[in-house]
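First comes the structure, then the notes that go with it.
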């Protein structure tokens, strides 16, 4: 029985970690820390998680976390980078769900997130936690930068084309849409039902922090790309869809074959049937990514990719990484079927 | 490995049966029939259920169903009543999710649903599938009438008071609200997003078919009651809340103690914390019922009860009954934690 | 051209006052005060109101307001009661949209809202701004307590029965449901889309401040009543529905005739067709109240009443009162047709 | 008092025509035809439109329509094209809200909509009803092809750039999102709340009929373009947002100046403040289009444009055209302020 720690279990990604890990038979959440909620029972905050009735938030303490085999950071940016080194030294492996360890390039991280990185050496060591690409590296890693939600949906939408060197132009356009849970569990006036329900808008159209992550990670896959990325806020809870526009050397039929071959043995990625469009409800609560391919004119492809931002875009993928690191079956405790309707 | 049949797996309750049963290790869905979709794969209709990739809808056939240990009817009313006798004779047990077997009183059924009942003898034998009340009878039953969604939420809200003979007046008021999935998977103009999203209204305020079921079943518990029941349509997908108004001989503190004692050992029923109000999202995708108790004036109690209409109000409770009938752990394959946010 | 002031124009009721008054040809909003937003243009906060492009929030000042003919208070409770006397002395009439002037009984107000009332003498003078009941008093009033949203929907649902002395028991049950805009424009975590969209729950089931207002105002109409009131939060923006359960001496047909006669000449109140149920979208953006009558058993009536909580339940009714007070046509600038879909 | 006819007043665009025209003081709806609802009162179908209590649907008849000054066709495609010639001969002007008269090129129309066009000669005469571009032609036209919803939002987003010859590449990408009312008032299973609420997906990603209209109309403005257009279905009622990606010779500041100059005197088009993003709720129920401009890399511009699909995208723009044709103030009876929250 492996001992697992969670730092910051009070945001949505933390709640999802708690929920999914409670059904994992090989681990035990032995340390759950929160600065704001220490002393409270999980079920007093989340009455919908009776399986976790025995869990109580405790004060944050690196010493307490040191007895774990692996610790998840479900914290805001710039926390994990100040603590990870200590845990690694003590033999504790780390999966960071924030953006601290998603770039191998310190300068790019600092340009994107501002300030000095707190653990630049670890940036080189950290593995980007996209299992379909880095499964073997992940298994042996001490520290994982768990991918962002939009970058996950986008990377999976492009990986087969990039690996096949099929992009004809380096500039790609990513039009993203996310449910409101992507903004986190925060009391913001612009997120209340009266403002955001039955409403739609772009945000950060001048530049969003996930754009450098996308460009960086896709370029690492084999073709240098630049990305224009505009995210939008959906009047709903869960789900991300990205529509990706590229120039490609493959026609639609060949592209489809390339995607099918690439994802044939991947249980968490699948293609929508021909003529169908992936729907976010198909992946509600699931770790799957579903992808559709379309063509309107020769030389250009359109890819629509959907994930659940809290599962595949955060906690589910993090647990998939944990399974790889700790030698469990990769699929343990990870939901595949979606809750729909 | 028990063999399970599902008749009519194309409505929401059928989809939910398929979804939940796919994670049950003691059974196999060996026969899935549909008049309209025979020949189609489950995943062609429900791409969000990859775990059921091997299942295909077949033509409806009592002979095929006869090889099953147990058959679920997830059909409209008045189908199961014409077929159940044949299956029972052949040693197949039946759980009917429609209203055909919810009343022990033929005259009441005929007054409520119209026409002649097709199997009046079986009405006497059929057990009302509310496990918290009839667990032992269910275990030995050949045929179960699975409770309606509103009656389930209401029966669990009143059972401790009725068993304690604490109702002071026989007339109770039940104000119910249901998500739109309760209306089924049907192309109705009044259910489309443009008509029903961001909208709220009562329906069937002159009398709803679940009212006789409520009154009948609660009366069976020990105190004769009459019920005024007004359902309302919520602009959302899943979830039922009923607010029940009763005159009671118990004060709020005593009432709370009675409920706690009654449900202490029931893993699928729990009380909301004092001062809290049960939320439908606490049971989204879960088989739990959460109940809150309130008092505004002496002699009167208010009970708020929430369930997921498709799980506890239909498929989840049906599988709970199946587990009891086939000797499995009552909780196998039944979700308890909810998907929230 | 009458000069109008608005105090606290930054909440939803303030925004709605601004929006509706901008189309009124007999008045001019000459003073719009806000402690938090002084100096800002209305359109910088509410880009959807270009008709009000000339309006700018200014510092709150009783002197500035003193040049107005009439001032609306769209403020939290306990502000208008400290300022109204000064304005009245200076000849400025006042419509308070908060709860400060809704009770004629000081003790009841203090028991409900806590602390000492700041203008107990004015409580006697203030008129409850329900035009269908107090049209003539309103026309001559110096100060109006504008009704609460739930009490408006409930009072209109009961007024014909109470005036006809048709209630058989003094205890009535009011099950209320409100869109999330009723909670105001406030950054509360429990109101964000991820928590409250696709969710439903009761609130304040132990007692809500609108209950004494309902009981007080209905009793004033002719029959002393006690009220059990449970409000619920709807996953949508605008709209209130109350379902009212009463014992009545009238059958359904007589009740219908009484309602028709009472509201025949009232352009803002109407009955739903027989067999129909009022929908909140029928009054979205409108000042109308639509009422449905139902009966399930002899001696009891069910009334479903819908309004737009921000229009009929706040700003629209306030402007209706203003029109009466200043001698305009009662219907000037008040929307009647609803925006649907 | 001009006499107005509406053919097909039972879809959402027809309902909106009825709603808005009821407040127009210069016209009278003297003929309202419907094949399916003849004989019914408008308020029996649309209880939220009491202002239209005097209107009754009548049998469709060209003779009855011939006494009108102007007739709106709010019908499916391929109806107006078979009747318009007769009405024009009799001196009745026509505004067609379907796609029959949006192209001047017969071959393009036939390639897009299939079959033979029923009035190819009129295609040459018909004016595309985009007032900001063709105001003077519209005023003198006998027949108007009222623009589609997506093309309206897109044309207004691009017109200033195209008129300034600022597009550097002819290929533009339009990522569109529409509320569910865009699919009309039709009983489709995939539009019910349980399927489409809390869900998001692309549709017609292989090619949508609005793409040729966009490309054709934008090209007519001065720069030949090809368009890749992918529409998506939003889980909400009203509102369209398009995000347009172009290569442009103007930097963001110059582009902003060009847009400001172009739309300075246009009351129905405005720019969002710098750093702001247009929201669909800013135009809910309004005829306005609000546009935001953004830049992420040199040489490329992003434009976000929002409209209400039923108002600016259909009925509101049609009435704007009617006002121009009949010599009314262009803004009569057209809502500008939006209903928000």
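Residue numbers (my numbering), protein chains in the order written: chain A, 9 to 349; chain B, 9 to 349; chain C, 9 to 349; chain D, 9 to 349.
For every residue, glycine included, the Cβ atom is placed at its ideal position computed from N, Cα and C.
Checklist line | Through-space distance from residue 280 (chain B) to residue 242 (chain C), alpha-carbon basis | finding: Within the third chain, the letter at position 234 stands for residue 242 (chain C). Within the second chain, the letter at position 272 stands for residue 280 (chain B). In this structure, the alpha-carbon of residue 242 (chain C) lies about 19 Å from that of residue 280 (chain B).
Checklist line | Three CB pairs or more closer than 8 Å across the region 170-186 of chain A and the region 293-303 of chain A | finding: Result no; under three Cβ-Cβ pairs closer than 8 Å.
Margin query: So for residue 76 (chain A), helix, strand or coil by DSSP?
Written below: Taking the first residue of the first chain as 1, we reach residue 76 (chain A) at position 68. Coil at residue 76 (chain A), not helix or strand.
Check: Can you tell me where the beta strand (DSSP E) with residue 20 (chain C) in it begins and where it stops?
Finding: Here residue 20 (chain C) refers to the residue found at position 12 when the third chain is read from its first residue. It is not in any beta strand (DSSP E) - residue 20 (chain C) instead sits in the alpha helix (DSSP H) that spans 20-29.
Check: If you measure from the beta carbon of residue 28 (chain A) to each beta carbon in chain C, is any gap under 9 Å?
Finding: One-based indexing of the first chain puts residue 28 (chain A) at position 20. No, its Cβ sits nowhere closer than 9 Å to a Cβ of chain C.
Checklist line | Uninterrupted alpha helix (DSSP H) stretches inside the region 165-247 of chain B (no shorter than 4 residues) | finding: The region 165-247 of chain B contains these whole alpha helix (DSSP H) runs: 201-204, 218-228.
Next item on the list: Quick one: using the 10 Å Cβ neighbour count with 16 as the cut-off for buried, is residue 262 (chain B) buried or exposed?
Entry: Start at 1 with the first residue of the second chain, and residue 262 (chain B) comes out as number 254. By the neighbour-count rule (16 or more Cβ atoms within 10 Å), residue 262 (chain B) is not buried but exposed.
Margin query: Please identify, using Cβ separations under 8 Å, the residues of the region 233-264 of chain D that lie next to chain A, in order along the chain.
Written below: Those would be 234, 236, 237, 238, 240, 242, 243, 244, 245, 246, 247, 249, 251, 253, in chain order.
Next item on the list: Measure from the alpha carbon of residue 287 (chain B) to the alpha carbon of each residue in B:248, B:147, B:238, then state which is nearest.
Entry: Here residue 287 (chain B) is taken as the residue at index 279 of the second chain, counted from 1. Taking only the C-alpha atoms, the option nearest residue 287 (chain B) is B:248.
Next item on the list: Using a cut-off of 8 Å between C-beta atoms, extract the partners of residue 287 (chain B) located in chain C.
Entry: Position 279 of the second chain, counted from the start, is the residue given in the question as residue 287 (chain B). Neighbourhood of residue 287 (chain B) in chain C, by CB distance below 8 Å: 207, 208, 209, in chain order.
Check: Mind checking residue 120 (chain D): buried by the 16 CB within 10 Å criterion, or exposed?
Finding: Locating residue 120 (chain D) in the fourth chain gives position 112, counting from the first residue. Under the 10 Å beta carbon count, residue 120 (chain D) is surrounded by 16 or more other beta carbons and is classified as buried.
Next item on the list: Can you say whether residue 33 (chain B) is buried or exposed, counting buried as having 16 or more other CB atoms within 10 angstroms of its CB?
Entry: Counting from 1 along the second chain, the entry for residue 33 (chain B) is found at position 25. Exposed is the call here.
Margin query: Less than 6 Å between C-beta atoms, sequence neighbours within five positions excluded: which residues of the same chain meet that for residue 334 (chain A)?
Written below: By one-based count along the first chain, residue 334 (chain A) stands at place 326. Within the same chain, residue 334 (chain A) has close Cβ partners 10.
Next item on the list: On a CA-only basis, which of C:230, C:190, C:26, C:113 is nearest residue 64 (chain C)? Give me that one, please.
Entry: Taking the first residue of the third chain as position 1, residue 64 (chain C) is located at position 56. Among C:230, C:190, C:26, C:113, the Cα nearest to that of residue 64 (chain C) belongs to C:26.
Check: Who does residue 13 (chain B) pair with in a DSSP beta bridge?
Finding: Mapped onto the second chain, residue 13 (chain B) falls at position 5. Assignment of beta-bridge partners to residue 13 (chain B) by DSSP yields B:39, B:79.
Notebook entry, point to check: Opposite residue 61 (chain C) in the DSSP bridges: which residues?
Noted result: Locating residue 61 (chain C) in the third chain gives position 53, where the first residue counts as 1. DSSP lists no partner for residue 61 (chain C).
Item checked: 8 Å contact criterion, which residue 153 (chain B) and residue 137 (chain B) should meet: CB distance rounded -> Stepping through the second chain from its first residue, residue 153 (chain B) is reached at position 145. Stepping through the second chain from its first residue, residue 137 (chain B) is reached at position 129. Confirmed, Cβ separation roughly 6 Å.
Next item on the list: Could you list the residues in the region 293-305 of chain D with a C-beta less than 8 Å from some C-beta on chain A, going in chain order?
Entry: Of all residues in the region 293-305 of chain D, 300, 302, 303, 304, 305 have a Cβ within less than 8 Å of some Cβ in chain A.
Check: How would you call residue 69 (chain B), buried or exposed, if buried means at least 16 neighbouring beta carbons within 10 angstroms?
Finding: In the second chain, the residue the question calls residue 69 (chain B) occupies position 61. Taking all protein chains shown into account, residue 69 (chain B) has fewer than 16 neighbouring C-beta atoms within 10 Å of its C-beta and is therefore exposed.
Notebook entry, point to check: Shorter than 9 Å from the beta carbon of residue 23 (chain D) to some beta carbon of chain C?
Noted result: On the fourth chain, position 15 is the one that residue 23 (chain D) refers to. So yes, residue 23 (chain D) belongs to the interface.
Margin query: Would the region 322-336 of chain C count as touching the region 133-152 of chain C if we require 3 or more Cβ pairs under 8 Å?
Written below: Taking one beta carbon from each stretch, the region 322-336 of chain C and the region 133-152 of chain C have 3 or more pairs nearer than 8 Å; the two touch.
Checklist line | Pair within 9 Å by beta-carbon distance, residue 257 (chain C) and residue 307 (chain C) | finding: Mapped onto the third chain, residue 257 (chain C) falls at position 249. Mapped onto the third chain, residue 307 (chain C) falls at position 299. It is a contact, given that the beta carbons lie within the stated cut-off.
Check: What separation, rounded to the nearest whole angstrom, lies between the Cα atoms of residue 225 (chain C) and residue 163 (chain C)?
Finding: Your numbering for residue 225 (chain C) matches position 217 in the third chain. Your numbering for residue 163 (chain C) matches position 155 in the third chain. Straight-line spacing of the CA atoms in residue 225 (chain C) and residue 163 (chain C) works out to 7 Å.
Item checked: Segments assigned beta strand (DSSP E), at least 3 residues, entirely inside the region 253-313 of chain B -> With a minimum length of 3 residues, the continuous beta strand (DSSP E) runs that stay inside the region 253-313 of chain B are 277-279, 297-302.
Next item on the list: Return no unless some Cβ of chain A is closer than 9 Å to the Cβ of residue 193 (chain C).
Entry: The residue you call residue 193 (chain C) lines up with position 185 of the third chain. So yes, residue 193 (chain C) belongs to the interface.
Next item on the list: Assign residue 108 (chain B) to one of three DSSP states: helix, strand, or coil.
Entry: Locating residue 108 (chain B) in the second chain gives position 100, where the first residue counts as 1. Residue state, collapsed to three classes: coil.
Next item on the list: Find the nearest neighbour of residue 18 (chain D) within the set D:217, D:297, D:160, D:41, judged by alpha-carbon distance.
Entry: Position 10 of the fourth chain, counted from the first residue, corresponds to residue 18 (chain D). Of the candidates D:217, D:297, D:160, D:41, the one whose C-alpha sits nearest the C-alpha of residue 18 (chain D) is D:41.
Next item on the list: Under 8 Å between beta-carbons, which chain A residues line up against residue 231 (chain D)? List them in chain order, please.
Entry: Position 223 of the fourth chain, counted from the first residue, corresponds to residue 231 (chain D). Under the 8 Å cutoff, chain A gives no residues; its nearest Cβ is about 18 Å from residue 231 (chain D).
Check: Where do the N-terminal and C-terminal ends of the beta strand (DSSP E) with residue 153 (chain B) fall, by residue?
Finding: Start at 1 with the first residue of the second chain, and residue 153 (chain B) comes out as number 145. Start and end: 151-153.
Check: For residue 315 (chain A), which residues in chain C fall below 7 Å Cβ to Cβ?
Finding: Translated into positions along the first chain, residue 315 (chain A) becomes position 307. Against chain C, the beta carbon of residue 315 (chain A) has no neighbour under 7 Å; the closest one sits roughly 16 Å away.
Check: What is the residue span of the alpha helix (DSSP H) that residue 147 (chain C) lies within?
Finding: What you label residue 147 (chain C) is simply residue 139 of the third chain in a count that begins at 1. 139-148 is the extent of the alpha helix (DSSP H) around residue 147 (chain C).
Item checked: Below-9 Å beta-carbon distance, residue 44 (chain C) vs any chain A residue -> Counting from one through the third chain, the residue named residue 44 (chain C) turns up at place 36. Not an interface residue.
Next item on the list: Output the distance between the C-alpha atoms of residue 161 (chain A) and residue 71 (chain D), rounded to the nearest integer angstrom.
Entry: The count along the first chain starts at 1 and reaches residue 161 (chain A) at position 153. The count along the fourth chain starts at 1 and reaches residue 71 (chain D) at position 63. In a straight line, the C-alpha of residue 161 (chain A) is about 58 Å away from that of residue 71 (chain D).
Next item on the list: Quick one: list the residues of chain B neighbouring residue 312 (chain C), beta-carbon separation under 9 Å, in chain order.
Entry: Residue mapping note: residue 312 (chain C) aligns to position 304 of the third chain, counting from 1. The answer, in chain order, is 209, 210, 213, 238, 240.
Item checked: the region 110-124 of chain A touching the region 94-101 of chain A, judged by at least three CB pairs closer than 8 Å -> No: the two stretches stay apart, fewer than three of their Cβ pairs being nearer than 8 Å.
Notebook entry, point to check: According to the Cβ coordinates, are residue 199 (chain D) and residue 201 (chain B) closer than 9 Å?
Noted result: Position 191 of the fourth chain, counting from 1, holds the residue named residue 199 (chain D). Position 193 of the second chain, counting from 1, holds the residue named residue 201 (chain B). Against a cut-off of 9 Å, the Cβ pair of residue 201 (chain B) and residue 199 (chain D) comes out as a contact.
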